[in-house]
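What follows is one structure encoded as structure tokens, with my remarks underneath.
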Amino acid sequence: MISLKSEYSKYYTYKGRKISKKISLSKKNLIDKIYHIYTIDEFIIRYHNKNYLNQKIVLPKKFNRVNIEIGFGDGEFLIKNAIAYPKELFIGIEVYLNGIAKVLQTISELKLKNIILSNLNSIYFLEAMTLRSVDKIFIINPDPWKKKRHHKRRLISFEVMELLTKLIKSKNSIYITTDSESYFNDMNNLIIENRDSLGSHNVKILSENDELYGISRYQRKAIEKGEKIYQLTF
Ligand SMILES: C[S@@+](CC[C@H](N)C(=O)[O-])C[C@H]1O[C@@H](n2cnc3c(N)ncnc32)[C@H](O)[C@@H]1O
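In numbering that gives the first Met the number 0, the protein residues as written are 0 to 233.
Take a look at the structure:
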């Protein structure tokens, strides 16, 4: 993996920034030992590399449903879902290597067989997916990039939303939550302005009874600070 990362660093960066957080030796060893079993990153890099056949991802047929979580952080929600629904496939994409290592640890302890992991910038993964091949997509509290001059670093843009809507099998299967009112407003406006291509959507402020309320450490921290959690479904 490390050699892939240095040779094809472009696929591991997002909005032009390199991800270089320190990782412990034990986590590095775990990644070196078992990450290749749970990932198809090399295939995706080949997909984007025009010297190879331009074949889209072929997922294992044995699963009832295909779910994707983008930016899973430390993987709490991803793991919870994979345990609760063993017949479904959960694809977790996260550029933060420590998060990948955490999930790998749990996967190997619990012998979970229904997770595919990717350490790539999610856009490259999504672009390599077959249209209408995904049942649900979750993006739980993407980085809000609060300062206006940093808004361009945000994960969600019209292009990303459009790509997501092409991947889902049926309407209202994309779930995005955020604790940032400004990010929520921007996403909400983008959908309203582009209704022709993105279709209709639902919005709500989550409360305790909602499924996605308090489901990650990041989100719980925001709730403790008194922030509202906004959800968009489309
Ligand atoms: C604010 S954190 C939230 C993490 C987690 N969803 C949670 O709620 O605890 C956003 C996460 O998205 C990841 N991320 C940001 N841009 C990404 C991208 N283009 N592809 C994959 N992951 C990304 C970051 O590394 C970070 O872990």
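Glycine included, C-beta positions come from ideal geometry on N, C-alpha and C. Just so you know, these numbers come straight off a predicted model, no measurement behind them.
query                                                                                     : result
Residues bridged to Lys135 [DSSP beta-bridge criterion]                                   : Asn66
Nearest-angstrom beta carbon gap, Tyr11 and Val94 [assumed within contact, 8 Å]           : 7 Å
Same chain, Cβ closer than 8 Å to Ala221, neighbours up to 5 away in sequence not counted : Asn140, Asp178 and Ile228
Any non-hydrogen atom of ligand 1 within 7 Å of Tyr217 CB                                 : yes
Limits of the unbroken beta strand (DSSP E) element including Ile175                      : Ile173 to Thr177
One or two residues paired with Lys203 in a DSSP bridge                                   : Gln230
Buried or exposed by the 16-neighbour rule on C-beta atoms within 10 Å, applied to Val57  : exposed
Cβ-based burial, His200 [other Cβ within 10 Å; buried from 16]                            : buried
Thr129 burial status per 10 Å Cβ neighbour count (16 or more: buried)                     : exposed
Ligand 1 heavy atom lying under 7 Å from the CB of Glu93                                  : yes
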